[in-house]
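Numbering (our numbering), first residue to last: 1280 to 1453.
We put the beta carbon where it would ideally sit given N, CA and C, even for glycine.
Encoded as structure tokens, the structure appears first; notes follow it.
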Amino acid sequence: MKKQHLQDLHQKLEAEKSELLEVEARLAGPDGLGASMTDATGELSAYDNHPGDSGSEMYERSKDLGLLENTRQQIAEIEEALRAIGEGNYGYCHNCGQSIPEKRLLALPRTLLCVQCKREQEDRDADHRPVEEESLAPPFGRTFTDDEDSVIFDGEDAWEAVARYGTSSYIEKR
Ligand SMILES: [Zn+2]
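Below you can see the structure in the form of structure tokens.
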């Protein structure tokens, strides 16, 4: 690859990274997932809320959580690509070692795999779902996990999860 192209890609990756870091900060910050449940809904207390009301708030938060995970994943890929540029092995597939066509790199600078390996990876991963679907998770069915891959809750836990996010006294006073 021409040195000029490599420099362009490096610049592109850096720009993309700082954009994603901003998105991440917004999603995780005080106006996003950092806000407590009651702050986010503008209610003084979640005590008298119907679980259904809290449910739609839960839905918004879980959507944000899905976005946040996706954003962090992209940042990690970009950092990997930047490291590869630094080490001089950028543009070679991490899986098979073949050089990745420059066209593909220019279209998707953070890619670490050639098209062939990327396809195989997606085929292998039978559970692969589009990220939009991922964010449709709780409380409507799919099991949801956090960064450490521990289950936050599954579909059956939905009511309990709402109560836990709201107030624990809700269950006791019923
Ligand atoms: Zn490959």
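Give me the Cα-Cα distance between Arg1351 and Pro1309, rounded to the nearest whole angstrom.
When rounded, the distance between both Cα atoms is 18 Å.
Are the CB atoms of Cys1372 and Leu1392 nearer to each other than 9 Å?
One thing to note: Cys1372 has its Cβ within 9 Å of the Cβ of Leu1392.
Nearest-angstrom Cα distance between Arg1389 and Leu1300?
Each residue's Cα considered, the two are about 15 Å apart.
Pairwise C-alpha distance: Ser1341 and Arg1368:
Before going further, note that residue 1368 is Asn rather than Arg in the sequence given. Roughly 37 Å between the two C-alpha positions.
Among Pro1380, Asn1374, Lys1382, Ser1378, which residue has its Cα nearest to the Cα of Gln1400?
If we check each option's Cα against that of Gln1400, Asn1374 comes out closest.
Less than 8 Å separating the Cβ of Asn1374 from some heavy atom of ligand 1?
For Asn1374, the distance from the CB to the nearest heavy atom of ligand 1 is below 8 Å.
What does DSSP give as the partner residues of Ser1378 in its beta bridges?
Per DSSP, Tyr1371.
How would you call Leu1387, buried or exposed, if buried means at least 16 neighbouring beta carbons within 10 angstroms?
So Leu1387 counts as exposed.
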